[in-house]
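Just below is one structure, and these are the notes that go with it.
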Amino acid sequence: MATDWDVVIIGGGAAGIGAARRLAASGLSTLLLEASQRIGGRAWTVNIAGQALDLGCGWLHSADRNPWVDLAKASGFAVDRRSPAWGQQYRDLGFPQAEQDAADEAYEAWYERLAAVARHSDRAADALEPDATWNPYLQAISGYLSGAVLERLSIADYLAYDAASTGRNWRVPVGYGTLIAASLPPTVALRLATPVEAIDLAATGVSIVTRAGTLRARSAIVTVSTAVLAGGRIGLPSVLDDWCHAAANLPLGHDEKLFLEIVGDSAFDPETHVLGNPHDPHTGTYYIRPFGRPVIEGFFGGEGARVLAENGPAAGFAYATDQLAALFGDDVRSRLRPLVISNWSLTEYVGGAYSYALPGRAAAREALARPFEQRLFFAGEATHRNDFSTAHGAYQSGRRAADEVIAALTPHAP
Ligand SMILES: Cc1cc2nc3c(=O)[nH]c(=O)nc-3n(C[C@H](O)[C@H](O)[C@H](O)COP(=O)(O)OP(=O)(O)OC[C@H]3O[C@@H](n4cnc5c(N)ncnc54)[C@H](O)[C@@H]3O)c2cc1C
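Number 1601 in my numbering belongs to position 386 of the sequence shown; there are no gaps in the numbering.
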């Protein structure tokens, strides 16, 4: 079969860009196909009202071993190494210190029970004390971390991430999305607005069907989200059913962000944080004036994010404004203007926030990451064993898949 390309990368998020960077120096001809009008995927910085706002990833987690830190430096982007304000409740508003201590203790106690519970159950909710006061708080935290209620989370998966995390979290003021989109090497060919509709297996290599025609390649790296893969958005031969089942066991959680602009004088101090209502499992958490900017970033997880996306932007901004007014006083209402809100669950070609493993299904990550016959390779955040759900895990998975392609196509290379 005549081939057009050695490698076609499907999807231009952090994983596709990681693969492209590795392949750029390999001598293999490489094409990246991206369905949407931009690269970055779930990394997306929008510039609104003079501010760089990350609608998707914003924090360089495990920053002291995160490859995007060096890439930022190489691109001339500053890295802000200050610790996040998440752990603090500004002036203890709506969350007295004694309650914060009790909530922390409840988290620690739940976390300690996980290992014991794991001997008979892999369901994170089974480590909850029935009807305990801080269960709604633990569900809210689960929403932020995993995008899902504890009833749907695998303990083994949760602990694998936690054991590998270094707990350092940094930022890039230009936006994580800007950094990631700027990191696609110019030598790799790119076609935007080109959704892959199907992948067929030829006698050798692969045929990649797009609206604009069919391409032939010796190999392909599939980096699309598990929602896209499990949702059948790309037609695949039935020999790949196991990969689709693995993707279905790693669903995307719900996480959404909204940004409010602060106009005029206000009671909001820079680089501070409040949890909206520690007793409400749907509550937003609010990062106030990141980098000193006149904005508040609201973050919603799990059921809270699902409800936010379902009710639409006006209801979402009203909910966030009500929560902030309840803490800071009614005067702040006149100081807050809606700027932008995400809806990752309904974003075509993404379909959610980040992957979590269902109870008993943590091994699906390795199952999804397996190559098929030296010609189809799989990457994306969900394929990383412990840095899943992150932009650095996605990047590393892309490089891992690119290494596998190089080993398969150029076996005698040094
Ligand atoms: C609200 C939110 C907050 C987050 N916060 C953080 C954070 O602070 N830190 C962190 O590290 N991570 C965070 N994440 C997670 C992080 O953004 C993702 O894990 C990472 O960006 C995923 O990269 P990826 O390449 O695996 O997938 P994607 O970014 O989804 O890339 C896949 C690409 O494939 C394309 N595609 C899909 N279907 C097709 C098709 N048929 N043909 C061609 N192309 C296709 C998509 O358009 C997309 O561009 C956050 C995510 C969200 C949603």
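No residue lacks a Cβ here, since even glycine has one placed at the ideal position from N, Cα and C. Every value quoted in this text rests on a predicted model; they were computed, and no experiment measured them.
Three-state secondary structure assigned by DSSP to residue i
i       : result
Phe1593 : strand
Val1489 : strand
His1494 : coil
Ile1232 : helix
Arg1296 : coil
Pro1553 : strand
Thr1562 : coil
Phe1603 : coil
Leu1246 : strand
Leu1270 : coil
Leu1583 : helix
His1627 : coil
Ser1290 : helix
Gly1575 : coil
Asp1285 : helix
Val1547 : helix
Leu1308 : coil
Asp1316 : helix
Ser1453 : helix
Gly1567 : coil
Phe1262 : Residue 1262 is actually Asn in this sequence, not Phe. Of the three classes helix, strand and coil, the one that applies to Asn1262 here is strand, per DSSP.
Trp1325 : helix
Gly1519 : helix
Gly1255 : strand
Gly1302 : coil
Ala1524 : helix
Ala1482 : coil
Pro1505 : helix
Glu1588 : coil
Ala1541 : helix
Ser1241 : coil
Ala1622 : helix
Ala1333 : coil
Strand pairing of residue i, partner residues [DSSP]
i       : result
Asp1415 : Ser1422
Lys1472 : Phe1514
Ser1369 : Arg1338
Thr1500 : Leu1490, Phe1514
Arg1431 : Ser1422
Val1439 : Its beta-bridge partners do not exist; DSSP assigns none.
His1460 : The partner list for His1460 (beta bridge, DSSP) is empty, contrary to what the question assumes.
Trp1220 : Ala1432
Leu1467 : Ser1570
Ile1225 : Leu1248, Val1437
Leu1444 : Paired residue(s): none; Leu1444 is not in a bridge.
Leu1275 : Trp1385
Ile1477 : Leu1551
C-beta neighbour in chain B for residue i, strict 8 Å
i       : result
Leu1475 : Absent from the structure is chain B; it holds one protein chain and no more.
(message) Under 8 Å, with one C-beta from each stretch per pair, do the stretch 1476 to 1487 and the stretch 1233 to 1240 reach the 3-pair mark?
(response) no
(message) With three or more C-beta pairs closer than 8 Å as the rule, is the stretch 1564 to 1575 touching the stretch 1544 to 1555?
(response) no
(message) Assess contact between the stretch 1508 to 1527 and the stretch 1579 to 1590, defined as three or more Cβ pairs (one per stretch) separated by less than 8 Å. Is contact present?
(response) no
(request) Please list the segments of the alpha helix (DSSP H) lying wholly inside the stretch 1336 to 1367, counting only runs of 4 or more residues, in order along the chain. (result) 1350 to 1361
(request) Report yes or no: do the stretch 1273 to 1288 and the stretch 1371 to 1390 share at least 3 C-beta pairs separated by less than 8 Å? (result) Touching, per the Cβ criterion.
(request) Within the stretch 1372 to 1412, note down every full beta strand (DSSP E) run reaching 3 residues or more, in order along the chain. (result) 1404 to 1406
(message) Closer than 8 Å is the cut-off here; do at least three beta carbon pairs connect the stretch 1288 to 1299 with the stretch 1412 to 1423?
(response) no
(request) Take every Cβ of the stretch 1496 to 1515, pair it with every Cβ of the stretch 1369 to 1376, and state whether three or more of those distances are shorter than 8 Å. (result) No, they do not touch.
(message) With three or more C-beta pairs closer than 8 Å as the rule, is the stretch 1553 to 1571 touching the stretch 1260 to 1275?
(response) Yes: at least three Cβ pairs fall under 8 Å.
(message) Does the contact criterion of 3 or more C-beta pairs under 8 Å hold for the stretch 1254 to 1269 versus the stretch 1317 to 1328?
(response) As far as the Cβ criterion goes, the stretch 1254 to 1269 does not touch the stretch 1317 to 1328, which means the pair count is below three.
(message) Three Cβ pairs or more, each shorter than 8 Å: is that satisfied between the stretch 1239 to 1256 and the stretch 1399 to 1412?
(response) yes
(request) Decide yes or no for the touch test of the stretch 1432 to 1441 against the stretch 1220 to 1228: beta carbon pairs closer than 8 Å, at least 3 of them. (result) yes
(request) Mind the definition here: the stretch 1467 to 1474 touches the stretch 1355 to 1372 only if three or more C-beta pairs lie below 8 Å; say whether that holds. (result) yes
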